[in-house]
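Quick note on numbering: the sequence shown equals residues 1 to 652 in the UniProt record's numbering. Below: one structure, written as structure tokens.
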Amino acid sequence: MEMEDGRAARPVVAAKLRMPPSNSLPRERLDSLLSGLWSRRLGLVVAPAGSGKTTLLARVAATAGAPVAWYRAESLDGSLDGFLSHIEASLASALGDLPRGWSSIEELARALETWGGDRALLIVDDFQALEGTPAEDAFARLVDYVPGWLVVVAASRSQPTFNLSRLRVSESLLEVGWDDLRFRSWEVERLFRDYYREPLLPVELATLARKTEGWAAGLQLFHLATRGKGPEERRRVLAALDGRSRFLHEYLAGNVLNQLPAEQRRFLVQTCVLGRLSGPICDRFMGASDGEALLRELERRQIFVQPLEEEGDYRYHEVLRSHLEVVLLQQVGEARTRELHRRSASVLEEFGALPEALHSYCRAEDWKSVDRLLGRNGEQLVQGSARWIDSLPTPVLDHDPWLLLASARRHRAEGRWEAAVGAFQRAEQGFGAAEGAAVCRRERQATAAWLNLNPAPAGHPLGALRLLTQRDPLKFSDTWPRMGEAVGPLLAGAASLVAGNLGEAQRSFSACLAAPGASGGIEVGARLGLGLARLLAGDLDAGAEVVSAGEAAEQLGHGCLARLARICWALRLGSAGAEEAASLRFMCERVGDPWGAAFAALAEGWALLEDGDPVVGAPAAALQQAVSWFHRMGAEALEAWALAILSLAGAP
1 MEMEDGRAAR PVVAAKLRMP PSNSLPRERL DSLLSGLWSR RLGLVVAPAG
51 SGKTTLLARV AATAGAPVAW YRAESLDGSL DGFLSHIEAS LASALGDLPR
101 GWSSIEELAR ALETWGGDRA LLIVDDFQAL EGTPAEDAFA RLVDYVPGWL
151 VVVAASRSQP TFNLSRLRVS ESLLEVGWDD LRFRSWEVER LFRDYYREPL
201 LPVELATLAR KTEGWAAGLQ LFHLATRGKG PEERRRVLAA LDGRSRFLHE
251 YLAGNVLNQL PAEQRRFLVQ TCVLGRLSGP ICDRFMGASD GEALLRELER
301 RQIFVQPLEE EGDYRYHEVL RSHLEVVLLQ QVGEARTREL HRRSASVLEE
351 FGALPEALHS YCRAEDWKSV DRLLGRNGEQ LVQGSARWID SLPTPVLDHD
401 PWLLLASARR HRAEGRWEAA VGAFQRAEQG FGAAEGAAVC RRERQATAAW
451 LNLNPAPAGH PLGALRLLTQ RDPLKFSDTW PRMGEAVGPL LAGAASLVAG
501 NLGEAQRSFS ACLAAPGASG GIEVGARLGL GLARLLAGDL DAGAEVVSAG
551 EAAEQLGHGC LARLARICWA LRLGSAGAEE AASLRFMCER VGDPWGAAFA
601 ALAEGWALLE DGDPVVGAPA AALQQAVSWF HRMGAEALEA WALAILSLAG
651 AP
């Protein structure tokens, strides 16, 4: 085969131009993110192996409503001729009659100017295969030269090496990253319930989501290993996700580790015992000086390295970390692995990474150091999110009152109210006469008030929130300003929301978000409240705000708020929202969250009513359940809402 200038052209491999079928779970969150693609020049999807990049591109192609040219790159295509041959064949197949025989990007651009259509897509998958080649340079020029009606989309395991800053500044670049592709907990639930048709129990979903961190390949491999199997086999496979899974071992070895230089593989294995990584931490642990450069290169290559809130700090994805620990154990043995955990704990403690140091001391079975760290830093450890506590051994949790306090707060954040009260009580007993006992007592009383009709302590934010669910939401409003610049407006917003004053609720929640102390759960609660108030006021665009708040809640470990966000989101989905709310009600009941179950029943009935459900009595049945839940919990104000909506359903 010859090109028009007489040069030999590389043969085109038809399989590289074959578009994969689109057969995946629809994810509205990603669809919304990609809705702005047509106004950009380049869409870039960068994530590690197995994150679902090709699946996403296949859905983009299937729903584009325009001609799509597909090209899957390989390392053999790194020359300009090889790249152009495949791009030419792909575009000609999608767009029809075009001038052929391109030998430069300029000729490609001139040929495209002859097409008379409105818009089209060029998708390049596995772009990392072209890294550092003439083809990558040609691609960068292609993005600049092609007509505006052609949007280019590329998926890669690593960040391209050409300059993207100009595209970012001109808002010509749409970027989708690893975190965007990660399955949220509710998406994991839908994946197994609606797509695989093998629903999992809430505890199984929680474990699977935590161990895979929403990694698409991990979820798929778990499904393949448990398809058609019983609960016992599912539990066995879940337990093996700590690094002993043969499926995960083969996937990570073949698709990730074996493709790295030996130096980077060594670094990954040696540093896997560090729960937090930075250049200085790695250098101190390994006695080297290249830690920062190696971490940045691993991040650029998307090798399951996740940046943390502190600039320059990282952690390994749980799936990779577990796998690396098994590799380390096989290489050096159990005794040496414990010794490395002990050394990593000492370094992490030196750098102030206390939760990670505690975890490493536990892995080293250095219980004396565990006791010392908790005795000296227990109060500091229990501040903020307590998600780290999920990885500690149960005997350690039951041994120390500070850990029991953190565990109680963790249960409460997940909506496990009874478990939280029990843990607060055990922590209180463990502190004895120490100051921590009073903290546990106050939090236990405020939490217990959500389970019974006992008076809630008005001076505690959680108690004040409980009181406004009762007959008069504004009764104790004079106490709210004393609870802080952020908590006061948060409570005022919640009270206005319950009272039906949506405008005032929006103003109060906005004031909360503007306050200096708005962070963590307070900020997420205000964002969710603001989104719900806007949604109830008829602003359907506020749904994105609700979803965003739910994602933030999940990241912080506030499962209760994350479920509440999904319940609020269900209000705008009609019959599909009713199904979602019904599923959430079941989940809340299994978890032990009666408040979530009540709100889900309310949303289910409301959504059915709004959708004009043809099943006689269906909205009323769900709303009656909500009335019953709120009545039993003494939430008169919320019960009144449920009764008002129930009356619209024609119930007597």
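Virtual Cβ for every residue (Gly too), placed ideally from N, Cα, C.
Would you kindly check if the distance between the Cβ of ARG471 and the Cβ of GLU580 is under 7 Å?
Here residue 580 refers to the residue found at position 580 of the sequence shown. Here residue 471 refers to the residue found at position 471 of the sequence shown. Going by C-beta atoms, GLU580 is not nearer than 7 Å to ARG471.
SER32 to LEU308, Cα distance in whole Å?
Numbered from 1 along the sequence shown, position 32 holds the residue referred to as residue 32. Numbered from 1 along the sequence shown, position 308 holds the residue referred to as residue 308. Roughly 26 Å between the two C-alpha positions.
Let's test the definition: count the other Cβ atoms within 10 Å of the Cβ of PRO395 and tell me whether it reaches 16, buried, or not, exposed.
For the purposes of this step, residue 395 is taken as the residue at position 395 of the sequence shown. Its Cβ having fewer than 16 others within 10 Å, PRO395 is exposed.
What would DSSP say about ILE303, mapped onto helix, strand or coil?
As a first step, residue 303 is located in the sequence shown; it is residue number 303 there, counting from the start. In the structure shown, ILE303 sits in coil (DSSP, three-state: anything other than H, G, I, E or B).
Excluding the five sequence neighbours on either side, which residues of its own chain have a C-beta within less than 7 Å of the C-beta of GLN506, listed in chain order?
On the sequence shown, position 506 is the one that residue 506 refers to. So the list reads LEU530, ALA533 and ARG534, once near-sequence residues are dropped.
Could you spell out the range, first to last residue, of the alpha helix (DSSP H) harbouring ALA565?
Numbered from 1 along the sequence shown, position 565 holds the residue referred to as residue 565. Note, ALA565: alpha helix (DSSP H), 559-570.
Could you tell me if GLU639 is buried or exposed, where buried requires 16 or more neighbouring beta carbons within 10 angstroms of its beta carbon?
Walking along the sequence shown from the start, residue 639 turns up at place 639. GLU639 counts as buried, since no fewer than 16 other beta carbons sit within 10 angstroms of its beta carbon.
From the DSSP output, which residues share a beta bridge with ILE123?
As a working note, residue 123 is residue 123 in the sequence shown. For ILE123, which the question treats as bridged, DSSP gives the partners TRP70 and VAL153.
With contact counted as at least three CB pairs below 8 Å, one residue from each stretch, are the stretch 294-305 and the stretch 225-241 in contact?
At 8 Å Cβ cutoff, the stretches do not touch.
Based on DSSP bridge pairs, tell me the residues matched to GLU175.
Numbered from its first residue, the sequence shown carries residue 175 at position 175. In the DSSP output, where bridge partners are listed per residue, GLU175 has LEU44.
Cutting at 7 Å between CB atoms, please list the residues of its own chain near LEU150, excluding the five before and the five after it.
Here residue 150 refers to the residue found at position 150 when the sequence shown is read from its first residue. So the qualifying residues of the chain are LEU112, ALA120 and LEU122.
Looking only at its chain, what residues have a beta carbon closer than 6 Å to the beta carbon of CYS282, apart from the 5 residues adjacent to it on each side?
Looking up residue 282 in the sequence shown gives position 282. Correct list, in chain order: THR271 and GLY291.
Is TRP70 closer than 7 Å to LEU84 when the C-beta atoms are compared?
Within the sequence shown, the letter at position 84 stands for residue 84. Within the sequence shown, the letter at position 70 stands for residue 70. The answer is no: Cβ separation not under 7 Å.
Does the stretch 150-166 come within contact of the stretch 180-190, defined as at least 3 CB pairs closer than 8 Å?
no
What are the start and end residues of the alpha helix (DSSP H) that includes TYR361?
Here residue 361 corresponds to residue number 361 of the sequence shown, with the count starting at 1. Looking at the DSSP string, the run of the alpha helix (DSSP H) that includes TYR361 is 354-363.
Consult DSSP for LEU164 and reduce its assignment to one of helix, strand or coil.
Here residue 164 refers to the residue found at position 164 when the sequence shown is read from its first residue. Here LEU164 sits in coil by DSSP.
Where do the ends of the alpha helix (DSSP H) carrying ARG315 lie?
Taking the first residue of the sequence shown as position 1, residue 315 is located at position 315. Element bounds for ARG315: not the alpha helix (DSSP H) but the beta strand (DSSP E), 314-316.
Quick one: what's LEU56 bridged to in DSSP?
Mapped onto the sequence shown, residue 56 falls at position 56. Note: LEU56 sits in no beta bridge, so no partner.
Indicate the three-state DSSP secondary structure (helix, strand or coil) for TRP641 in the structure shown.
If you number the sequence shown from 1, residue 641 lands on position 641. Residue state, collapsed to three classes: helix.
Do you know offhand how far PHE424's Cα is from LEU404's?
Working through the sequence shown from its first residue, we reach residue 424 at position 424. Working through the sequence shown from its first residue, we reach residue 404 at position 404. So the alpha carbons of these two residues sit roughly 7 Å apart.
Which residues bound the alpha helix (DSSP H) around ASP81?
In the sequence shown, residue 81 corresponds to position 81, counting from 1. Counting along the chain, ASP81 sits inside the alpha helix (DSSP H) bounded by residues 80-95.
To the nearest angstrom, how far is the alpha carbon of PRO134 from that of ALA515?
What you label residue 134 is simply residue 134 of the sequence shown in a count that begins at 1. What you label residue 515 is simply residue 515 of the sequence shown in a count that begins at 1. When rounded, the distance between both Cα atoms is 52 Å.
Check LEU573 in the structure and name its three-state DSSP category.
Along the sequence shown, one-based indexing puts residue 573 at 573. DSSP places LEU573 in coil when its eight states are reduced to three.
Between LEU392 and TRP417, is the Cβ-Cβ spacing less than 7 Å?
Counting from 1 along the sequence shown, the entry for residue 392 is found at position 392. Counting from 1 along the sequence shown, the entry for residue 417 is found at position 417. Contact: no.
Does DSSP put LEU201 in a helix, in a strand, or in coil?
As a working note, residue 201 is residue 201 in the sequence shown. Three-state DSSP puts LEU201 in coil, outside helix and strand.
Quick check on the burial criterion: 16 or more other C-beta atoms within 10 angstroms. Buried or exposed for MET1?
Start at 1 with the first residue of the sequence shown, and residue 1 comes out as number 1. Unreliable placement is indicated for MET1, whose pLDDT of 43 sits below 50; the coordinate value is still reported in the next sentence. Classification for MET1: exposed.
Mapping the DSSP letters down to three states, classify LEU248 as helix, strand or coil.
Mapped onto the sequence shown, residue 248 falls at position 248. Correct three-state label for LEU248: helix.
Can you name, in chain order, every residue of its own chain whose Cβ lies under 6 Å from the Cβ of GLY218, other than the five neighbours on each side?
Start at 1 with the first residue of the sequence shown, and residue 218 comes out as number 218. Hits under 6 Å: THR212 and VAL319.
In the DSSP assignment, find the unbroken alpha helix (DSSP H) run with residue 687 in it and report its ends.
Residue 687 is absent from the model: the chain starts at 1 and stops at 652.
Confirm, please, whether the CB-CB distance from TYR145 to GLY105 is below 7 Å.
Taking the sequence shown and counting its residues from 1, the one referred to as residue 105 is at position 105. Taking the sequence shown and counting its residues from 1, the one referred to as residue 145 is at position 145. A quick correction: the sequence has Ile, not Gly, at residue 105. Their beta carbons are under 7 Å apart, which means ILE105 touches TYR145 by this criterion.
If I'm right that LEU241 touches LEU248 with Cβ under 8 Å, what's the distance once you round it to whole angstroms?
Against the sequence shown, residue 241 aligns to sequence position 241. Against the sequence shown, residue 248 aligns to sequence position 248. Confirmed, Cβ separation roughly 7 Å.
Are ALA448 and ALA427 closer than 7 Å when you measure CB to CB?
In the sequence shown, the residue the question calls residue 448 occupies position 448. In the sequence shown, the residue the question calls residue 427 occupies position 427. The beta carbons of ALA448 and ALA427 sit no closer together than 7 Å.
For the alpha helix (DSSP H) that TYR145 lies in, which residues bound it at each end?
As a working note, residue 145 is residue 145 in the sequence shown. That run of the alpha helix (DSSP H) goes 134-145.
Once the 5 residues before and after ARG412 are set aside, which same chain residues still bring their CB inside 7 Å of it?
In the sequence shown, the residue the question calls residue 412 occupies position 412. Excluding positions up to five away in sequence, the list reads ALA420 and THR447.
If we ignore side chains and look at the alpha-carbon of each, how far apart do LEU17 and PHE127 end up?
Here the question's residue 17 lines up with position 17 in the sequence shown. Here the question's residue 127 lines up with position 127 in the sequence shown. Near 14 Å, if we compare the C-alpha coordinates of PHE127 and LEU17.
Should CYS560 and GLY415 be called a contact, given that it needs their Cβ atoms to be closer than 7 Å?
The residue labelled residue 560 in the question sits at position 560 within the sequence shown. The residue labelled residue 415 in the question sits at position 415 within the sequence shown. Cβ distance < 7 Å, so CYS560 and GLY415 count as in contact.
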